[in-house]
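Below is one structure; the comments refer to it alone.
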Amino acid sequence: MTRPLVLVVGHGMVGAKLVELLVRRGTTATTDVVVVGDEPTGGYDRVHLSRLFEGASPDDLSLVDPAVAADPAVTVLAGERVEQLDSAGRVARTSAGRTIRYDTAVLATGSVPFVPPVPGRDLPGCFTYRTVDDVERIRTWSNGRAHGVVVGGGLLGLEAAGALRSCGVAVEVVEVAPHLMAAQVDADGGALLGARIGDLGVAVHTSTTLLGVVAGTDGAVAAVELGPAGGEGHAGRLATEMVVVAAGIRPCDALARDAGIAVGPRGGVVVDDACRTSAPGVLAIGECALAGGRVHGLVAPGYQMARVAAAVIAGEPASLRLGETPTKLKLLGVDVASVGLPSAPVPPGGTEVRFTDGTSRVHRRVVLGANGGVVGAVLVGDTSGFDDLAAMAAGDAEVPDDLAGLRAPAAAGDRDPAAGAGGAAALRDTATICSCENVAKGAICAAVAGAIAATGRADVAAVKAATRAGTGCGGCAPQLAQLVDAGLAAAGVEADTRLCPHFADSRAALHERVRTAGCTTWAEVAARFADPGTGSGCEVCKPTVASILASTDGRYVLDGDLAALQDTNDHLLANLQRDGTYSVVPRVPGGEITAERLIVLGEVAQAFGLYVKITGGQRIDLLGARVDQLPAIWARLVDAGFESGHAYGKAVRTVKSCVGSTWCRYGVQDSTGLAIDLELRYRGLRSPHKVKMGVSGCVRECAEAQGKDVGVIATERGWNLYVGGNGGARPRHADLLAADLDRAGLVRVVDRFLAYYIRTADRLQRTSAWIESLDGGVEHLRRVIVDDELGIGADLEADIDRHVARYRCEWAETLADPARLRRFRTFVNSEEADPSIVVVTERDQPRPAPAWQRVELAGARP
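One point on numbering: in the working numbering, the residue at position 76 of the sequence shown is 76, and numbering is uninterrupted.
Laid out in structure tokens, this is it:
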């Protein structure tokens, strides 16, 4: 007897999910499944396509479960496509000449990129951003090129902009709507998102349309022609070397249309609540389907359709319940989230809660209906409270009586998981935590309890394996962590200290493993120490690994795959300022400077129109530099003998000092000389957080050494060493670690202290918090550092000796390499200044223009 056959047309994320569901629910015990996918790589994570620019391989994105692939009832035809569908005869014909007779066909053909029908769209250097092949073509073309234009300011467009930026290409974004992410955020949120992205050096042109792509003498892309959106006219020509179109998608419905299956007037295969099309035996799911009158372009609705289709194939009743999917994203490092209808007007009897801070670039808007429920919300720059708002919109959590708390709710990480106040722990058991896999809180809590009962432990990885939660888009990972922590706390088990979902180690443990193994690249670290199948890193582990490699290997921080790991400041070796310009902070050890070098600083500031600030830490800050000016500025400074002050890095910054016995009548030791020696010894030393030091020449403490991470105070007999002090929001007085040290002994103890801190502290943990976290506090530290109780003193000193031996000024290294300099050009074919940056004069110094004085040219945003 012939077994029934299910034909799945399309092997993307949704098609792969359907096959997985059919295998897991046992349908393949009696039914054969044939999957036809036109890409050679089937079933991969298209949501995280940008990871391929960061060192991941296509295999890292694969969604094909080995157990599913091994099912003998499943046949996958990769690199082949269905070209004809006879729905009456239930026969499909493929590009390979194959004839497939089916009982049920499921169209999961997805979508295709929309490319504006403009002249030049097919020129070499024009790309779409949709597939693994697209990524490979973009990456190959971008090699050695300096400038690119992305057409589209939605989710895919900003992902593409981030991908180009990771390749060292300067990016400009063209968006036809008045603001970015028009489908997900309101106008104010879109404006602030544009401002934050502009701060990163990505120029944004809103209310602007692409008129055409211009070829150069070599026949490839040389420029784009832009025009105002919705009207005639010409906004100008923008020189560029490549164009990436990510301006939206269109349902891939041609196969259904040719087969006489009903499609919507604007595209999309029409389906009912059971995913059935107008043709008997044919279902449609994912982005090709028109469900509830609209095409759903997110993975969660597609997975829900796959679940319904799997039930229908098994002969079980099922119905779609599609609503607005809560979405949380990180785009170019900026947090963005939307719930419900983010741009919804306030309904009659409803309420709007709004908070907008132009200085910190944070925007929140929550709309409540007449019944008090959440109708919609948009969060830009700070997405804390997103999970709570999504639960309120779904009816799984109560809206608080005090609506002021909705403006800036406490971050989930600030809550006590055992208390269950707010966050995932406060939700009803029926609340959906993972919308991709449709997993409720109750199922996750049961998985946590089961893991604890079986092994005495539980972690997010175990919950993912047991429930499949978090294996889709990954947006529910923070809630999974909350529920795991709450379950562990309730069971009296100590919570996990893993760095992030990708690394089970703490930062200290990972540092030790990397140091011992001698790893020098992200790829090595990820391959050896990351959890298998968790992806290719995140905004937590990547900068952490970058810092670890900097302190253990000492290579130039932007070489190879290290560039993609760095934070914004390290990426351009400069501190980003609120107006999108950068600061230039040369090192001035001990605050001691010659008249000639001081004159050079003044000449540089005058030549480039920079704002000059003498700081409290013996530095002279030059602010207001454009990206393209940085190399020219640093060339003059390096020629004058200056070097990078590492004000942009999590590193040893400065050693503040008084004038000591050289000038002061109270000074008992040469504090300036010691400060210079210490600063030159530890300059550029990368660490878990910034490190500030101070040296006072007597107990009058003019250098405020006891408020520093490392503080030294002169005595008649030598030097007293204090550690763990800091100012800021949580000031802490430093602890005395050792007294009356001679100069060599002081350096030896400081070497050990810094090396031990770098090895064992958590990411972004100041020395003050680190000492407080040590079992035994400063007494433990004294036993390890001064008494060498663990016998590691010589090893710690060797760490610092290696750093001193291999130190190179990062800006000097940059200026010596033309390839490294390419990242600092604003335009590919011109040294022209960025016209979108406007400077006004205040107090006889150039200052960044206030927001209301900035000029927008042709929709451009600074």
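C-beta atoms are modelled at their ideal positions from N, C-alpha and C, and glycine is treated no differently.
For Ala-466, collect the residues of the same chain with a Cβ closer than 8 angstroms to its Cβ; drop the 5 residues on either side in sequence, then sort them by chain order. For the purposes of this step, residue 466 is taken as residue 466 along the sequence shown, with counting starting at 1. Counting only Cβ-Cβ distances below 8 angstroms, and skipping sequence neighbours, we find Ala-447, Gly-450 and Ala-451.
Give the secondary structure of Cys-445 by DSSP, where H, G and I count as helix, E and B as strand, and everything else as coil. Translated into positions along the sequence shown, residue 445 becomes position 445. Helix at Cys-445.
Which residues DSSP lists as bridging Glu-352, in chain order: In the sequence shown, residue 352 corresponds to position 352, counting from 1. Answer is Val-367.
Could you tell me which of Glu-704, Asp-186, Gly-152 and Arg-681 sits nearest to Thr-208, measuring between CA atoms? In the sequence shown, the residue the question calls residue 208 occupies position 208. Distances from the CA of Thr-208 to each of Glu-704, Asp-186, Gly-152 and Arg-681 were compared; the closest alpha carbon is that of Gly-152.
What residue ranges within the region 13 to 83 form continuous beta strand (DSSP E) runs of no fewer than 3 residues, ordered along the chain? Under the rule that a run must span 3 or more residues, the beta strand (DSSP E) segments found entirely inside the region 13 to 83 read 32 to 37 and 74 to 78.
Give a yes or no on whether the C-beta atoms belonging to Ala-761 and Ala-508 are separated by under 8 angstroms. Here the question's residue 761 lines up with position 761 in the sequence shown. Here the question's residue 508 lines up with position 508 in the sequence shown. Taking 8 angstroms as the Cβ cut-off, Ala-761 and Ala-508 qualify as a contacting pair.
Buried versus exposed call for Leu-790 [16 or more other C-beta atoms within 10 Å across all chains shown]: If you number the sequence shown from 1, residue 790 lands on position 790. The residue in question, Leu-790, is exposed, as its Cβ has fewer than 16 Cβ neighbours within 10 Å.
Is the number of C-beta pairs between the region 685 to 692 and the region 641 to 657 that are closer than 8 angstroms three or more? Contact between the region 685 to 692 and the region 641 to 657 is present, because at least three Cβ pairs lie under 8 angstroms.
Tell me whether Pro-251 sits in a helix, a strand or coil according to DSSP, three-state version. Counting from one through the sequence shown, the residue named residue 251 turns up at place 251. Of the three classes helix, strand and coil, the one that applies to Pro-251 here is strand, per DSSP.
Got a sec? Which residues, its chain only, sit under 7 angstroms from Glu-20 by beta carbon, not counting five neighbours each side? Position 20 of the sequence shown holds residue 20. Hits under 7 angstroms: Asp-65 and Val-68.
For Gly-590, which residues of its own chain have a beta-carbon under 6 angstroms away from its beta-carbon, when the five flanking residues on both sides are left out? Residue numbering aside, residue 590 sits at position 590 when the sequence shown is read from its first letter. So the qualifying residues of the chain are Ser-657, Thr-672, Ala-675 and Ile-676.
DSSP three-state assignment for His-205, whether helix, strand or coil: Against the sequence shown, residue 205 aligns to sequence position 205. Reduced to three states, the DSSP call for His-205 is strand.
What residues in its chain sit with their C-beta under 8 angstroms from that of Arg-145, if we drop five residues either side in the sequence? For the purposes of this step, residue 145 is taken as the residue at position 145 of the sequence shown. Cβ neighbours of Arg-145 beyond the five flanking positions: Val-169, Glu-241, Met-242 and Val-828.
Please work out which residues of its chain come closer than 6 angstroms, Cβ to Cβ, to Asp-414, disregarding the five sequence neighbours upstream and downstream, and give them in chain order. The residue you call residue 414 lines up with position 414 of the sequence shown. Note that Asp-414 has pLDDT 38, beneath the 50 cutoff, so the model's placement of it is unreliable and no number is given.
For Thr-206, which option in Val-174, Val-221 and Ser-506 has the closest C-alpha, if you only look at C-alpha atoms? Position 206 of the sequence shown, counting from 1, holds the residue named residue 206. The closest CA to that of Thr-206, considering only Val-174, Val-221 and Ser-506, is found on Val-174.
Just to confirm, are Arg-220 and Pro-124 a CB contact at a threshold of 8 angstroms? Here residue 220 refers to the residue found at position 220 when the sequence shown is read from its first residue. Here residue 124 refers to the residue found at position 124 when the sequence shown is read from its first residue. Note on residue identity: the sequence assigns Ala, not Arg, to residue 220. Contact flag set, yes.
Whose C-alpha, out of Ala-73, Asp-71, Pro-40 and Arg-81, is nearest the C-alpha of Ser-62? As a first step, residue 62 is located in the sequence shown; it is residue number 62 there, counting from the start. If we check each option's Cα against that of Ser-62, Pro-40 comes out closest.
According to DSSP, which residues form a beta bridge with Val-173? Start at 1 with the first residue of the sequence shown, and residue 173 comes out as number 173. Val-173 is bridged to Val-150 and Val-204.
Nearest by alpha-carbon distance to Pro-72: which of Thr-104, Val-23, Gly-718 and Val-36 is it? In the sequence shown, counting from the first residue as 1, residue 72 sits at position 72. Distances from the CA of Pro-72 to each of Thr-104, Val-23, Gly-718 and Val-36 were compared; the closest alpha carbon is that of Val-23.
With C-beta atoms as the reference, is Gln-877 less than 8 angstroms away from Leu-576? With the chain running from 1 to 862 in the structure shown, residue 877 is simply not present.
Is the beta carbon of Thr-430 closer than 8 angstroms to that of Gly-442? If you number the sequence shown from 1, residue 442 lands on position 442. If you number the sequence shown from 1, residue 430 lands on position 430. Closer than 8 angstroms, so yes.
Excluding the 5 residues preceding and the 5 following Gln-629 in the sequence, name in chain order all residues of the same chain whose CB lies nearer than 7 angstroms to its CB. As a working mapping, residue 629 is identified with position 629 in the sequence shown. Same-chain partners within the cutoff: Phe-608.
Between Phe-127 and Ser-50, what straight-line distance do the alpha-carbon atoms span, to the nearest angstrom? As a working mapping, residue 127 is identified with position 127 in the sequence shown. As a working mapping, residue 50 is identified with position 50 in the sequence shown. Phe-127 and Ser-50 have their C-alpha atoms spaced approximately 15 angstroms apart.
Would the beta-carbon of Thr-327 fall within 8 angstroms of that of Gln-479? Locating residue 327 in the sequence shown gives position 327, counting from the first residue. Locating residue 479 in the sequence shown gives position 479, counting from the first residue. At least 8 angstroms separates the beta-carbon of Thr-327 from that of Gln-479.
State whether the region 306 to 323 contacts the region 331 to 338, with contact taken as three or more CB pairs (one from each stretch) at a distance under 8 angstroms. Output reads no: the region 331 to 338 does not touch the region 306 to 323.
Report the three-state DSSP secondary structure of Cys-126 (helix, strand or coil). Indexing the sequence shown from 1 puts residue 126 at position 126. For Cys-126, the secondary structure class from DSSP, reduced to helix, strand or coil, is strand.
Grab me the residues of Ala-625's own chain with a C-beta within less than 8 angstroms of its C-beta, minus the 5 sequence neighbours each way, in chain order. As a first step, residue 625 must be located in the sequence shown, where it is residue number 625. Excluding residues within five positions, the ones whose Cβ falls inside 8 angstroms are Ala-574, Thr-581, Tyr-582, Ser-583, Val-584, Phe-608, Leu-610 and Ile-633.
What three-state label does DSSP hand Arg-294 in the structure shown? Position 294 of the sequence shown holds residue 294. Per DSSP, reduced to three states, the secondary structure at Arg-294 is strand.
Just curious, the alpha helix (DSSP H) that Thr-662 is in, first and last residue? Your numbering for residue 662 matches position 662 in the sequence shown. In the DSSP annotation of this structure, the continuous segment of the alpha helix (DSSP H) that includes Thr-662 starts and ends at 660 to 663.
What is the rounded straight-line gap between the Cα of Asp-103 and the Cα of Asp-253? As a first step, residue 103 must be located in the sequence shown, where it is residue number 103. As a first step, residue 253 must be located in the sequence shown, where it is residue number 253. When rounded, the distance between both Cα atoms is 20 angstroms.
Using only the alpha-carbon positions, how far apart do Gly-79 and Gly-43 sit? Counting from 1 along the sequence shown, the entry for residue 79 is found at position 79. Counting from 1 along the sequence shown, the entry for residue 43 is found at position 43. The alpha-carbon atoms of Gly-79 and Gly-43 are separated by roughly 12 angstroms.
Which class does Pro-326 belong to by DSSP, given the choice of helix, strand or coil? Walking along the sequence shown from the start, residue 326 turns up at place 326. If DSSP states are grouped into helix, strand and coil, Pro-326 belongs with coil.
Among the residues of its own chain, which have a CB less than 6 angstroms from the CB of Gly-112, if the five just before and after it don't count? Position 112 of the sequence shown holds residue 112. The question names Gly, but residue 112 is Val in the sequence shown. Excluding residues within five positions, the ones whose Cβ falls inside 6 angstroms are Arg-250 and Cys-252.
How many Å lie between Lys-464 and Arg-165 at the Cα? The count along the sequence shown starts at 1 and reaches residue 464 at position 464. The count along the sequence shown starts at 1 and reaches residue 165 at position 165. Straight-line Cα distance between these residues: approximately 32 angstroms.
Measure the C-alpha to C-alpha separation of Val-9 and Cys-434 and round it to an integer number of angstroms. Translated into positions along the sequence shown, residue 9 becomes position 9. Translated into positions along the sequence shown, residue 434 becomes position 434. Looking at the backbone, the Cα of Val-9 and that of Cys-434 are separated by about 26 angstroms.
Could you say which of Gln-706, Glu-643 and Val-778 lies nearest to Cys-809 if we only look at CA atoms? Counted from its first residue, the sequence shown places residue 809 at position 809. Ranked by Cα distance from Cys-809, the options Gln-706, Glu-643 and Val-778 are led by Glu-643.
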